[in-house]
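*Asks:* My structure is below; once you've seen it, I'll send some questions.
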Amino acid sequence: MRWTLTAIALVVIGACGSHDPGAADGETLDVLRRAIPAPPQSLDPHRAEGTGSGAILRDLYEGLTGEAPGGELVPGAAESWTISDDGLVYTFTLRDGLRWSNGDPLVAEDFAAGLRRTIDPATASAYAPLLKPIQNASPVTAGELPVDELGIRALDERTLELRLEQPTPFFLGLLTSWVTFPLHRESFEAHGLRFVRSEHSVTNGPYTLVDQRVGDRITLKKNPNYRDAANVAIEQVEYLAIEDTATELRLFEAGELDITSSTPNGQFQSLKARYGDQLHVTTNLSVYFMVFDLTEAPFSDVRLREAMSIALDRDALTESVLGAGQTGAFGVVPPGIANYDSFSFDWRELPRDQQLARARELYREAGFDDSTPLKATLIYNTGDAHRKVAVALQAMVREALGARLEVTNQEFRVMLSNREKRELWDIMRLGWTGDYNDPNTYLEIFRSGHPQNFAGYQNTEYDRLLDEAARTLDLSVRRELLHEAEQTLMEDHPILPMYFYVSRHLVSERVIGFTATPMDRTYSAHLKLADPAASK
Numbered sequence: 016m017r018w019t020l021t022a023i024a025l026v027v028i029g030a031c032g033s034h035d036p037g038a039a040d041g042e043t044l045d046v047l048r049r050a051i052p053a054p055p056q057s058l059d060p061h062r063a064e065g066t067g068s069g070a071i072l073r074d075l076y077e078g079l080t081g082e083a084p085g086g087e088l089v090p091g092a093a094e095s096w097t098i099s100d101d102g103l104v105y106t107f108t109l110r111d112g113l114r115w116s117n118g119d120p121l122v123a124e125d126f127a128a129g130l131r132r133t134i135d136p137a138t139a140s141a142y143a144p145l146l147k148p149i150q151n152a153s154p155v156t157a158g159e160l161p162v163d164e165l166g167i168r169a170l171d172e173r174t175l176e177l178r179l180e181q182p183t184p185f186f187l188g189l190l191t192s193w194v195t196f197p198l199h200r201e202s203f204e205a206h207g208l209r210f211v212r213s214e215h216s217v218t219n220g221p222y223t224l225v226d227q228r229v230g231d232r233i234t235l236k237k238n239p240n241y242r243d244a245a246n247v248a249i250e251q252v253e254y255l256a257i258e259d260t261a262t263e264l265r266l267f268e269a270g271e272l273d274i275t276s277s278t279p280n281g282q283f284q285s286l287k288a289r290y291g292d293q294l295h296v297t298t299n300l301s302v303y304f305m306v307f308d309l310t311e312a313p314f315s316d317v318r319l320r321e322a323m324s325i326a327l328d329r330d331a332l333t334e335s336v337l338g339a340g341q342t343g344a345f346g347v348v349p350p351g352i353a354n355y356d357s358f359s360f361d362w363r364e365l366p367r368d369q370q371l372a373r374a375r376e377l378y379r380e381a382g383f384d385d386s387t388p389l390k391a392t393l394i395y396n397t398g399d400a401h402r403k404v405a406v407a408l409q410a411m412v413r414e415a416l417g418a419r420l421e422v423t424n425q426e427f428r429v430m431l432s433n434r435e436k437r438e439l440w441d442i443m444r445l446g447w448t449g450d451y452n453d454p455n456t457y458l459e460i461f462r463s464g465h466p467q468n469f470a471g472y473q474n475t476e477y478d479r480l481l482d483e484a485a486r487t488l489d490l491s492v493r494r495e496l497l498h499e500a501e502q503t504l505m506e507d508h509p510i511l512p513m514y515f516y517v518s519r520h521l522v523s524e525r526v527i528g529f530t531a532t533p534m535d536r537t538y539s540a541h542l543k544l545a546d547p548a549a550s551k
């Protein structure tokens, strides 16, 4: 269902009073209203994908490690940990007295069960490769070993031991991901995949799920059994999935939305002039790209893929089409990643006419010209910004090469379900937000056989470089190996990198404590409302 202004306004206006299913008669609660750019694909922490799902799950659950408001890594459900001298054994001590939202004790085995479930091939988690550093995770996911062979062990109720295949510098940051969150085993055993529904949901984070309606709001309520409930200021959070940034803006202007997921492209300067400090902008460690289907013609030819990449005028895209501080992407790893420098092509510094001459030569070598133009289908998920980017690419490759792209939008869930149906697309819009601040989170998804590798890219040398980097303790040597891997990847052109994001949020003056971070994660538990009565 596509949200309309009228439908959302009716929902939110009705939400400003005592609509909460958990509220007593006549009771009203202070409500934070947040937008996400698409409906959550799932609220199952071990199977979910997408930023919308992730934002909600970080409110519902807490991992072993967490993040401070500024994005710094801090203890979460684990009060402390030790790391063996060889970097292979992590031993976590849980905080004393942890409880699930229903009052059940939260123990180390619950975290072990969650990790095992993500890795278990029966779960079919698209994010299982994220846990590859754990001992035997890869053969278990491949079905070559049983799940009980994983390097995961609860030593007692408060102690969890994780054994790794090799030292992994980013491992603690990885544990902030929702796929590492604990599993309430009794609920899962009783309800199966329905354990995440509001009527069955049991969580360990600052909030609990009280209502989820298809095409409607997702309502969370403060969890009184959360370990730090005394410092959770906001009683209720509502997430609205809004695929149109113009609709988000209208709701914000009407006072019916407190935090937007983004802002309309092309209105950055006017919004800055109007809202000043209410417009929060920061560099975001996310990349926007198009995926080519490498498994068959026409994009099985690297010359055509490179011609498309050169034909894209990234300066025009970021400055004229987007216009909110984005930067053109020539690689997949964003600037600002720790201990890393961004990749770029050798043709980037050529004058534009020479770039286009090279693109046209490659296009002809791939077998296309004005009499036999490329015809291909590009799909993207519904959203004004995605439409503008797709149409801009369509126009640029037609003008530069004579190529004909048919652009088609699909609802986000439909596009997710169509990713494996390659007969429906030749090019597909995707993006990637890092799960942790390290180049590996961007490069790993293009490894041969990775479930997020929708291009079907395979390169044994690329895989070898990633493997060697994973075994390397010297950070400077590791950096060079990852640079070489990214160069190998980008010279094969399995994707068309377009731009690196900036996060743009309009935040109501009634919201206190909002901090834009490079990972673009804002936990509701870190926020306060200046005037709770304003939400009623």
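Numbering (my numbering), first residue to last: 16 to 551. No residue lacks a Cβ here, since even glycine has one placed at the ideal position from N, Cα and C.
Tell me the DSSP secondary structure of lysine 237 in three-state form.
*Replies:* Reading the sequence shown from its first residue, position 222 is the one you call residue 237. DSSP places lysine 237 in strand when its eight states are reduced to three.
*Asks:* Should the segment 249 to 263 be regarded as contacting the segment 101 to 120, the criterion being three or more beta carbon pairs within less than 8 Å?
*Replies:* Contact between the segment 249 to 263 and the segment 101 to 120 is absent, because fewer than three Cβ pairs lie under 8 Å.
*Asks:* Please report the distance separating the alpha-carbon of methionine 534 from that of glutamine 370.
*Replies:* To locate residue 534, count along the sequence shown from 1; it is residue 519. To locate residue 370, count along the sequence shown from 1; it is residue 355. Their backbone Cα atoms lie some 33 Å apart in a straight line.
*Asks:* Since arginine 469 and arginine 428 are thought to touch, with beta carbons under 8 Å apart, how far apart are those beta carbons, to the nearest angstrom?
*Replies:* On the sequence shown, residue 469 is found 454 positions in, with the first residue counted as 1. On the sequence shown, residue 428 is found 413 positions in, with the first residue counted as 1. Checking the sequence, you will find phenylalanine at residue 469 rather than arginine. With 8 Å as the limit, phenylalanine 469 and arginine 428 do not qualify as a contact, their Cβ atoms being about 16 Å apart.
*Asks:* Which first and last residues belong to the alpha helix (DSSP H) in which glutamate 253 is found?
*Replies:* The residue labelled residue 253 in the question sits at position 238 within the sequence shown. From DSSP, glutamate 253 is part of no alpha helix (DSSP H) but of the beta strand (DSSP E) over 251 to 256.
*Asks:* Report the rounded CA-to-CA distance for aspartate 40 versus tyrosine 76, giving the unit in angstroms.
*Replies:* Start at 1 with the first residue of the sequence shown, and residue 40 comes out as number 25. Start at 1 with the first residue of the sequence shown, and residue 76 comes out as number 61. Confidence at aspartate 40 is low in this model, with a pLDDT of 42, below 50, so its placement is unreliable and the value that follows should be read with caution. Spanning the two alpha carbons is a distance of roughly 29 Å.
*Asks:* Excluding the 5 residues preceding and the 5 following glutamate 424 in the sequence, name in chain order all residues of the same chain whose CB lies nearer than 6 Å to its CB.
*Replies:* Walking along the sequence shown from the start, residue 424 turns up at place 409. For the sequence presented, residue 424 should be read as asparagine rather than glutamate. Here the set comprises Tyr395 and Thr397.
*Asks:* Of the residues Pro136, Phe283, Ala152 and Leu130, which one's Cα is nearest the Cα of glutamine 181?
*Replies:* For this step, residue 181 is matched to residue 166 along the sequence shown. Considering only alpha carbons, the answer is Ala152.
*Asks:* Just verifying my parser: in three-state terms, what is the DSSP assignment at tyrosine 538?
*Replies:* Locating residue 538 in the sequence shown gives position 523, where the first residue counts as 1. Coil.
*Asks:* Does the Cβ-Cβ distance between alanine 374 and methionine 443 come in under 9 Å?
*Replies:* The residue given as residue 374 occupies position 359 in the sequence shown. The residue given as residue 443 occupies position 428 in the sequence shown. Against a cut-off of 9 Å, the Cβ pair of methionine 443 and alanine 374 comes out as no contact.
*Asks:* Take glycine 37 and list the residues in its own chain whose beta-carbon comes closer than 7 Å to its own, dropping the five residues that flank it on each side.
*Replies:* For the purposes of this step, residue 37 is identified with residue 22 of the sequence shown, where counting begins at 1. Because glycine 37 carries a pLDDT of 42, less than 50, the predicted location of this residue cannot be relied on, and the following value inherits that uncertainty. Result list for glycine 37: Val225 and Lys236, in chain order.
*Asks:* What did DSSP end up calling proline 154 once you bin it into helix, strand or coil?
*Replies:* By 1-based counting over the sequence shown, the position of residue 154 is 139. Proline 154: helix per DSSP, three-state reduction.
*Asks:* Does DSSP classify leucine 445 as helix, strand or coil?
*Replies:* Numbered from its first residue, the sequence shown carries residue 445 at position 430. Correct three-state label for leucine 445: strand.
*Asks:* Enumerated in chain order, which unbroken segments of the alpha helix (DSSP H) with a length of 4 residues or greater are wholly contained in the segment 385 to 432?
*Replies:* Qualifying alpha helix (DSSP H) stretches, in chain order: 399 to 416.
*Asks:* Could you tell me the distance, in whole angstroms, from the CA atom of proline 84 to the CA atom of alanine 540?
*Replies:* Within the sequence shown, residue 84 is the residue found at index 69, counting from 1. Within the sequence shown, residue 540 is the residue found at index 525, counting from 1. Answer to the nearest angstrom: the Cα atoms are 9 Å apart.
*Asks:* Using the C-alpha atoms, what's the distance from aspartate 100 back to leucine 300?
*Replies:* Counting from one through the sequence shown, the residue named residue 300 turns up at place 285. Counting from one through the sequence shown, the residue named residue 100 turns up at place 85. Going from the Cα of leucine 300 to the Cα of aspartate 100 covers about 31 Å.
*Asks:* Hey, leucine 198 and arginine 289 are a contact pair by Cβ (cut 8 Å); roughly how many whole angstroms apart?
*Replies:* On the sequence shown, residue 198 is found 183 positions in, with the first residue counted as 1. On the sequence shown, residue 289 is found 274 positions in, with the first residue counted as 1. Going by Cβ atoms, the distance from leucine 198 to arginine 289 rounds to 46 Å, so no, they are not a contact pair.
*Asks:* Smallest Cα separation from leucine 504: which of Asp453, Asp385, Thr532 and Phe360?
*Replies:* As a first step, residue 504 must be located in the sequence shown, where it is residue number 489. Nearest C-alpha to leucine 504: Phe360.
*Asks:* Considering isoleucine 51, what are the terminal residues of the beta strand (DSSP E) in which it resides?
*Replies:* Here residue 51 refers to the residue found at position 36 when the sequence shown is read from its first residue. Where isoleucine 51 is concerned, the enclosing beta strand (DSSP E) stretches over 46 to 51.
*Asks:* Would glutamate 258 pass as a contact of proline 55 if the rule is Cβ separation under 9 Å?
*Replies:* Reading the sequence shown from its first residue, position 243 is the one you call residue 258. Reading the sequence shown from its first residue, position 40 is the one you call residue 55. Going by C-beta atoms, glutamate 258 is not nearer than 9 Å to proline 55.
*Asks:* For proline 136, which of helix, strand or coil comes out of DSSP?
*Replies:* The count along the sequence shown starts at 1 and reaches residue 136 at position 121. It is helical.
*Asks:* If we ignore side chains and look at the alpha-carbon of each, how far apart do glycine 129 and valine 194 end up?
*Replies:* As a working note, residue 129 is residue 114 in the sequence shown. As a working note, residue 194 is residue 179 in the sequence shown. When rounded, the distance between both Cα atoms is 8 Å.
*Asks:* From the DSSP output, in three-state form, read off histidine 295 for me.
*Replies:* Residue numbering aside, residue 295 sits at position 280 when the sequence shown is read from its first letter. Histidine 295: strand per DSSP, three-state reduction.
*Asks:* So, using beta-carbon positions, are proline 279 and threonine 298 closer together than 9 Å?
*Replies:* Here residue 279 refers to the residue found at position 264 when the sequence shown is read from its first residue. Here residue 298 refers to the residue found at position 283 when the sequence shown is read from its first residue. Result no, Cβ atoms of proline 279 and threonine 298 do not sit closer than 9 Å.
*Asks:* Would you please state the rounded distance, in angstroms, between the beta carbons of alanine 500 and tyrosine 477? I believe it to be under 8 Å.
*Replies:* Counting from 1 along the sequence shown, the entry for residue 500 is found at position 485. Counting from 1 along the sequence shown, the entry for residue 477 is found at position 462. So it is a contact: roughly 6 Å between Cβ atoms.
*Asks:* Assuming alanine 123 and threonine 80 make a contact with CB atoms under 8 Å, what is their CB distance in whole Å?
*Replies:* Sequence index remark: in the sequence shown, residue 123 carries index 108 (1-based). Sequence index remark: in the sequence shown, residue 80 carries index 65 (1-based). Not quite, the Cβ-Cβ distance comes to about 15 Å (not below 8 Å), so this is no contact.
*Asks:* Beta-carbon separation of leucine 365 and leucine 389 under 9 Å?
*Replies:* Within the sequence shown, numbered from 1, the residue matching residue 365 stands at position 350. Within the sequence shown, numbered from 1, the residue matching residue 389 stands at position 374. Contact: no.
*Asks:* Put tryptophan 440 into one of helix, strand or coil per three-state DSSP.
*Replies:* Position 425 of the sequence shown, counted from the first residue, corresponds to residue 440. Coil.
*Asks:* Quick check on serine 518: does DSSP put it in helix, strand or coil?
*Replies:* Walking along the sequence shown from the start, residue 518 turns up at place 503. Strand at serine 518.
*Asks:* Three or more C-beta pairs under 8 Å: does that hold for the segment 335 to 349 against the segment 377 to 386?
*Replies:* With the cut-off at 8 Å, the segment 335 to 349 and the segment 377 to 386 do not touch.
*Asks:* Pop quiz: proline 148 and threonine 191 are said to be a contact at Cβ under 8 Å. What is the actual Cβ separation, rounded to whole angstroms?
*Replies:* The residue you call residue 148 lines up with position 133 of the sequence shown. The residue you call residue 191 lines up with position 176 of the sequence shown. Between threonine 191 and proline 148 the Cβ distance is about 14 Å, and since that is not below 8 Å, they are no contact.
*Asks:* Which runs of the alpha helix (DSSP H) fall wholly inside the segment 448 to 525 and span at least 4 residues, in chain order?
*Replies:* Listed in chain order, the complete alpha helix (DSSP H) runs (minimum 4 residues) inside the segment 448 to 525 are 455 to 458, 475 to 486 and 490 to 507.
*Asks:* Could you have a look at glycine 281 and say whether DSSP puts it in helix, strand or coil?
*Replies:* The residue given as residue 281 occupies position 266 in the sequence shown. Reduced to three states, the DSSP call for glycine 281 is coil.
*Asks:* With H, G and I counted as helix, E and B as strand and the rest as coil, what does DSSP make of leucine 25?
*Replies:* Residue mapping note: residue 25 aligns to position 10 of the sequence shown, counting from 1. Summary for leucine 25: the model assigns pLDDT 31, below 50, so the residue's position carries little reliability; its value from the coordinates is reported in the next sentence. It is helical.
*Asks:* Buried or exposed for serine 140, please, with buried defined as at least 16 other CB atoms from any protein chain shown within 10 angstroms of its CB.
*Replies:* As a working mapping, residue 140 is identified with position 125 in the sequence shown. Buried is the call here.
*Asks:* Could you name the residues that DSSP lists as bridge partners for phenylalanine 203?
*Replies:* As a first step, residue 203 must be located in the sequence shown, where it is residue number 188. Paired residues: none, contrary to the question.
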